[in-house]
Amino acid sequence: MKIREIVDAINAKVLVAGDDGLDMEVHSACASDMMSDVLAFVKEQAVLVTGLVNPQVVRTAEMMDMKCIIFARGKTPDKATIELAKSKGIVVMVTPLRMYTVCGELYAKGLHGGEDNVG
Amino acid sequence: MSDKGGLHFEFDVDGGNFVSAGTASERVKNTLKQLGIAPFTVRRTAIAMYEGEINMVIHAGGGKAIVDITPEDIKIWLIDSGPGIEDIELAMQEGYSTAPEAIRMLGFGAGMGLSNMKKYSDIMEIDSRPGEGTKVFLQINLQKVQNG
Ligand SMILES: Nc1ncnc2c1ncn2[C@@H]1O[C@H](COP(=O)(O)OP(=O)(O)OP(=O)(O)O)[C@@H](O)[C@H]1O
Ligand SMILES: [Mg+2]
Numbered sequence: 328m329k330i331r332e333i334v335d336a337i338n339a340k341v342l343v344a345g346d347d348g349l350d351m352e353v354h355s356a357c358a359s360d361m362m363s364d365v366l367a368f369v370k371e372q373a374v375l376v377t378g379l380v381n382p383q384v385v386r387t388a389e390m391m392d393m394k395c396i397i398f399a400r401g402k403t404p405d406k407a408t409i410e411l412a413k414s415k416g417i418v419v420m421v422t423p424l425r426m427y428t429v430c431g432e433l434y435a436k437g438l439h440g441g442e443d444n445v446g
Numbered sequence: 622m623s624d625k626g627g628l629h630f631e632f633d634v635d636g637g638n639f640v641s642a643g644t645a646s647e648r649v650k651n652t653l654k655q656l657g658i659a660p661f662t663v664r665r666t667a668i669a670m671y672e673g674e675i676n677m678v679i680h681a682g683g684g685k686a687i688v689d690i691t692p693e694d695i696k697i698w699l700i701d702s703g704p705g706i707e708d709i710e711l712a713m714q715e716g717y718s719t720a721p722e723a724i725r726m727l728g729f730g731a732g733m734g735l736s737n738m739k740k741y742s743d744i745m746e747i748d749s750r751p752g753e754g755t756k757v758f759l760q761i762n763l764q765k766v767q768n769g
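These protein sequences, in sequence, are chains A and B.
Residue numbering for the first sequence follows the working numbering, starting at 328 and increasing by one per position.
Residue numbering for the second sequence follows the working numbering, starting at 622 and increasing by one per position.
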């Protein structure tokens, strides 16, 4: 799905539009509050859903070549986090929805987990 | 040893700065990208080094990262003078972590880092002495080696 469609599906607010903008197609996502869990699956995952807000979330996304970060539960990232995402060209959005709901909405719209993990 | 014209980097990893943790790995990742190394190899190298760099920051008060890149492989040494690891086999187990609650609130302490490093590297060696420090060596091969 397009990042623009994600924004609509979860009632999100875009804080950083990223390098390639909101028309970029993404095909899989993962959700966690533990960064090493995210880093455990090297498969192509374009979207990170998390309830955690600090610059290491952006670093983790960058290491994984992810395109988009969704901060759930209405948590707003600080300036350092936003600036880092800007410099990496990663899309950042916030949604008031909780993580479970975000995942459910996006899964229903076809954004799956990329299950065949390395491991 | 480096008569093959490789690249050599040394980074000081600041143990007191959680925000800057990962910048060394980021630099290495960018360099590997510029060298035209396959994206999957770049990613697993970056992740392995990042996990090691974060470990030095959250468990050892910082340290040093040394990286050698040649056409054959990428070699990474992560060296700290922290508390060391008492039982390496135990530390390698997925889910084992001594990270305090404050670190977990920052998204680390799942006990996955060392096993991720092992998974993404071709060779991993840990040398650690309690009270002295820890040295982790990672090697990622760049040329396909035939299993003999
Ligand atoms: N450089 C180090 N110095 C001292 N102890 C370490 C070091 N690296 C790892 N350890 C010990 O090994 C344990 C396991 O490390 P590992 O990276 O697998 O998990 P973690 O760092 O606790 O959590 P995660 O990596 O999932 O965020 C740590 O909790 C810590 O006790
Ligand atoms: Mg770790």
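Glycine included, every Cβ here is placed at the ideal spot set by N, Cα and C.
C-alpha distance - residue i paired with residue j, whole-angstrom precision
i      : j      : result
A/M328 : A/V369 : 21 Å
A/M362 : B/D743 : 22 Å
A/G437 : A/V380 : 26 Å
B/Q760 : A/S355 : 29 Å
B/N776 : A/D347 : Residue coverage of chain B in this structure runs from 622 to 769, which leaves residue 776 of chain B outside it and unanswerable.
B/M713 : B/G684 : 20 Å
A/M420 : A/A399 : 9 Å
B/I695 : B/G627 : 10 Å
B/A642 : B/F729 : 12 Å
B/I709 : B/M745 : 12 Å
A/A435 : B/A669 : 33 Å
B/I706 : B/I687 : 20 Å
A/D392 : B/S749 : 32 Å
B/N762 : B/G716 : 27 Å
A/K394 : B/A645 : 21 Å
B/Y671 : B/E647 : 8 Å
A/G401 : A/A339 : 9 Å
B/D633 : A/E432 : 43 Å
B/G637 : B/A681 : 10 Å
B/F639 : B/Q655 : 27 Å
B/V649 : A/L366 : 17 Å
A/I333 : A/V418 : 11 Å
B/T691 : A/V385 : 29 Å
Chain A within 8 Å of residue i, Cβ atoms only
i      : result
B/I744 : no
B/V640 : yes
B/F632 : no
B/T648 : Here the sequence assigns Arg to residue 648 of chain B, which means Thr is not the residue at that position. No, its Cβ sits nowhere closer than 8 Å to a Cβ of chain A.
B/E693 : no
B/Y717 : no
B/M733 : yes
B/L727 : yes
B/G574 : Here chain B has residues from 622 to 769 only, and residue 574 of chain B is not among them.
B/N762 : no
B/G643 : yes
Three-state secondary structure assigned by DSSP to residue i
i      : result
B/E631 : strand
A/V369 : coil
A/D364 : helix
B/H680 : helix
B/Q714 : coil
B/N762 : strand
B/I706 : coil
A/A356 : strand
A/G431 : helix
A/M351 : coil
B/A686 : strand
B/E746 : strand
B/T652 : helix
A/M426 : helix
A/I337 : coil
B/I724 : helix
A/L379 : coil
Test: residue i CB closer than 8 Å to a CB of chain B
i      : result
A/R386 : yes
A/D360 : yes
A/A407 : yes
A/M390 : yes
A/S363 : yes
*Is there contact here, the region 688 to 701 of chain B with the region 737 to 757 of chain B, by at least three beta-carbon pairs under 8 Å?*
yes
*Are three or more beta carbon pairs between the region 346 to 362 of chain A and the region 370 to 379 of chain A nearer than 8 Å?*
Enough Cβ pairs lie closer than 8 Å, so yes.
*Between the region 422 to 436 of chain A and the region 686 to 699 of chain B, do at least 3 Cβ pairs fall closer than 8 Å?*
no
_Contact list for the region 366 to 387 of chain A against chain B, Cβ threshold 7 Å_ = L366, A367, V369, L379, N381, P382, Q383, V384 and R386
*Anything in the region 654 to 670 of chain B with a Cβ closer than 8 Å to a Cβ of chain A? List those residues in chain order, please.*
P660, F661, R664, R665, A667 and I668
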